[in-house]
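Novice: Here the protein sequences come in this chain order: A and B. Under our numbering, think of the first position of the first sequence as 53, with each following residue one higher. Under our numbering, think of the first position of the second sequence as 32, with each following residue one higher. The beta-carbon is built from N, C-alpha and C at its ideal position, and this holds for glycine as well. Pasting a structure below so you can have a look.
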Amino acid sequence: MSKKTIKNIFEEKINKDEIYNYVLCQTLENKTKKITKFIWVPICATCFVFMLFAFHQQTYQNVSFNVYAYTDQSMKKQKIEDNIKFQLTKYNQAMSSVPGFPIYFEKDSNIDYLDIEMTHGEILNWNQDNGVVDKLGSYYKLFENKTLYFEVKNNTEIIIRGKKKGKEVIKKRIIISSKDYQYYGELK
Amino acid sequence: MVNQDDLKRFDELYDNSYRDISKYVVCHCSYIEDVKDILQNIYLDVLKNISQIDNEAYIMAIAKNKVKDYYRFHYKKRIKLLFEKEDKDIIADIPSDIDIERSFSVHYDVEIVWKYLKTKKVIISQIFYLYYYLGLSLQEISNELNISESNVKNHLYRTLKELKAYLESENQ
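Laid out in structure tokens, this is it:
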């Protein structure tokens with residue numbers, strides 16, 4: 053066994069070039085890890101926020117409520133579609149005690165209540181059994197499907213917010229306009 | 032952050048210091064298979080602090096700390112005594128003028144020899160490394176390891192003899 057052959061053993065097992073390459077690779081890897089860590093933290097944070105937002109949106113994606121108004125003299129209410137103007141009618145003109153224009157609100161089970169807010173007008177509640185009319189002011193929380201009555205003017209706006217666990221999950225507006233002594237509404 | 036200038040500086044320091052550093056590590060390790068790990072740790076530290084290092088003496092200081100740290104944290108045995116009692120008896124019988132180079136000519140396998148060396152006391156691997164790899168003389172080896180020259184020679188001779196027998200038995 054010559055000197056050279058035993059030398060080869062150590063050259064192979066404690067290889068100078070191998071050690072050198074290892075040191076370089078580790079250093080570059082650590083540098084990459086530091087940079088990627090630096091990049092990953094904001095990326096993960098952004099993704100997390102986005103997921104929360106998407107989850108929130110998805111949770112309340114299917115919430116809705118419907119608005120019905122009486123568009124003619126019949127007592128039949130009709131569902132109001134978005135962005136379509138409808139004529140507001142007091143469904144029974146003969147009954148002078150009808151306090152205002154009736155609008156029926158119907159919410160689905162995903163909504164806890166409807167926040168109804170009115171500008172330039174007043175919300176009324178009419179008990180048809182005893183004829184008592186309650187003035188509710190310009191703001192009312194509606195917990196069940198019900199008809200409310202509205203005293204409106206030309207520039208009245210009725211804002212309806214669907215709330216779930218105290219948070220707004222859907223919002224719509226009814227914009228009231230008048231022409232030739234007729235009142236019209238548009239659901240947006 | 033390591034830039035091109037730092038890498039160039041590192042290359043230079045690595046080439047210039049490797050022989051001395053590897054010699055130091057081999058002479059102060061407890062197991063020959065630890066040498067590679069320790070050297071890697073040393074030079075990783077060197078590259079990390081390359082901007083502060085301006086000579087090889089600094090690297091030697093790192094090497095000393097790394098050897099200590101390695102055995103402290105890995106709970107490995109510290110450097111043992113170089114000789115046990117029975118070694119001295121055997122050494123006395125081996126002629127001092129024996130020619131190590133001519134004595135053996137055996138087919139070998141790197142893995143088998145390495146495996147064999149790992150089973151021996153660390154001083155054997157140290158002597159082998161210093162003699163065969165770094166090409167130190169017996170006198171230089173005795174100075175490095177703080178043992179007599181005759182002991183170095185005797186260790187070499189005895190191990191080569193045993194290795195020969197071992198390889199012959201492996202080849203059968």
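Give the residues of chain B in contact with Ile-71 of chain A, contact being defined as C-beta atoms less than 7 Å apart.
Specialist: Result: Lys-67, Leu-70, Gln-71 and Tyr-74.
Novice: Give the C-beta separation of Asp-164 of chain A and Lys-216 of chain A to the nearest angstrom, bearing in mind that I take them to be a contact with Cβ-Cβ under 8 Å.
Specialist: Indeed, because the Cβ distance is near 5 Å, the residues count as touching under 8 Å.
Novice: Starting from Glu-64 of chain A, find everything on chain B with Cβ-Cβ shorter than 7 Å and list it in chain order.
Specialist: Val-141, listed in chain order.
Novice: How would you label Pro-94 of chain A, buried or exposed, when you count the other beta carbons within 10 angstroms and need 16 or more for buried?
Specialist: By the neighbour-count rule (16 or more Cβ atoms within 10 Å), Pro-94 of chain A is not buried but exposed.
Novice: Between which two residues does the alpha helix (DSSP H) containing Ser-156 of chain B stretch?
Specialist: First-last of the alpha helix (DSSP H) with Ser-156 of chain B: 153 to 159.
Novice: Between the beta-carbon of Lys-137 of chain A and the beta-carbon of Glu-203 of chain A, is there less than 9 Å?
Specialist: No; because the gap between Cβ atoms is not below 9 Å, this pair is not in contact.
Novice: Determine which residues of the stretch 163 to 183 of chain B have a Cβ less than 7 Å from any Cβ of chain A, and write them out in chain order.
Specialist: Going along the stretch 163 to 183 of chain B in chain order, one finds Tyr-163 and Tyr-164 with a Cβ nearer than 7 Å to chain A.
Novice: DSSP state of Ser-82 of chain B, grouped into three classes?
Specialist: The answer is helix: DSSP assigns Ser-82 of chain B an H, G or I state.
Novice: Which residues mark the beginning and the end of the alpha helix (DSSP H) in which Ile-136 of chain A is found?
Specialist: Counting along the chain, Ile-136 of chain A falls outside any alpha helix (DSSP H), and DSSP gives it neither H nor E.
Novice: Starting from Val-144 of chain B, trace the alpha helix (DSSP H) in both directions and tell me its first and last residue.
Specialist: Val-144 of chain B -> alpha helix (DSSP H) spans 141 to 150.
Novice: Rounded to a whole number of angstroms, what is the C-alpha to C-alpha distance between Val-101 of chain A and Asp-167 of chain A?
Specialist: When rounded, the distance between both Cα atoms is 28 Å.
Novice: For Tyr-49 of chain B, return the contacting residues in chain A, with the cut-off set at a CB-CB distance below 7 Å.
Specialist: In chain order: Lys-68.
Novice: Taking CB distances under 9 Å as the criterion, tell me whether Val-101 of chain A reaches chain B.
Specialist: So no, Val-101 of chain A is outside the interface.
Novice: Where does Pro-151 of chain A sit, in a helix, a strand or coil, going by DSSP?
Specialist: Coil, per DSSP.
Novice: What's the call for Leu-80 of chain A, buried or exposed, on a 16-neighbour Cβ count within 10 Å?
Specialist: Answer is exposed; the Cβ neighbour count stays below 16.
Novice: Residues in its own chain within less than 6 Å of Lys-223 of chain A by CB, not counting five upstream and five downstream?
Specialist: Arg-213, listed in sequence order.
Novice: With DSSP collapsed to three states, give me the class of Lys-193 of chain A.
Specialist: Note: Lys-193 of chain A maps to strand in three-state DSSP.
Novice: Give the residues of chain B in contact with Asn-60 of chain A, contact being defined as C-beta atoms less than 8 Å apart.
Specialist: Simply Val-141.
Novice: Kindly indicate which three-state DSSP category Tyr-45 of chain B falls into: helix, strand or coil?
Specialist: Looking at Tyr-45 of chain B - three-state DSSP - the assignment turns out to be helix.
Novice: Out of A:Ile-71, A:Gln-139, A:Asn-114 and A:Leu-104, which has the shortest C-alpha to C-alpha gap to Tyr-120 of chain A?
Specialist: Of A:Ile-71, A:Gln-139, A:Asn-114 and A:Leu-104, the residue nearest in Cα terms is A:Gln-139.
Novice: Bridge partners of Gly-214 of chain A, per DSSP?
Specialist: Looking at the DSSP assignment, Gly-214 of chain A forms a beta bridge with A:Leu-166 and A:Ile-222.
Novice: Run through chain A and tell me which residues come within less than 7 Å of Tyr-160 of chain B, C-beta to C-beta.
Specialist: Going along chain A in sequence order, the residues near Tyr-160 of chain B (Cβ under 7 Å) are Phe-62.
Novice: Taking the straight line between their C-alpha atoms, what separation do you get for Tyr-55 of chain B and Asp-36 of chain B?
Specialist: Each residue's Cα considered, the two are about 28 Å apart.
Novice: Which residue marks the beginning of the beta strand (DSSP E) containing Ile-175 of chain A, and which one marks its end?
Specialist: Note, Ile-175 of chain A: beta strand (DSSP E), 174 to 178.
Novice: Kindly indicate which three-state DSSP category Leu-104 of chain A falls into: helix, strand or coil?
Specialist: Helix, per DSSP.
Novice: Can you tell me whether Ser-156 of chain B is buried or exposed? The criterion is at least 16 other CB atoms within 10 Å of its CB, across all chains shown.
Specialist: Burial call: buried.
Novice: Any beta carbon from chain A within less than 9 Å of Tyr-251 of chain B's own beta carbon?
Specialist: Residue 251 of chain B cannot be examined here, being either before or after the span of chain B that is shown, 32 to 203.
Novice: Is the separation between the beta-carbon of Glu-87 of chain B and that of Asp-51 of chain B shorter than 9 Å?
Specialist: Yes.
Novice: Taking Asn-118 of chain A as part of the beta strand (DSSP E), name the residues at either end of that continuous run.
Specialist: Taken as a continuous stretch (DSSP letters only), the beta strand (DSSP E) holding Asn-118 of chain A covers 117 to 121.
Novice: Can you tell me where the alpha helix (DSSP H) holding Leu-200 of chain A begins and where it ends?
Specialist: Premise fails: Leu-200 of chain A lies in the beta strand (DSSP E), 198 to 203, not in any alpha helix (DSSP H).
Novice: When the Cα of Glu-221 of chain A is compared with those of A:Lys-187, A:Lys-198, A:Lys-159 and A:Thr-171, which residue comes out closest?
Specialist: Looking at the sequence itself, residue 221 of chain A is Val, so the reference to Glu does not match. Per the Cα distances, A:Lys-159.
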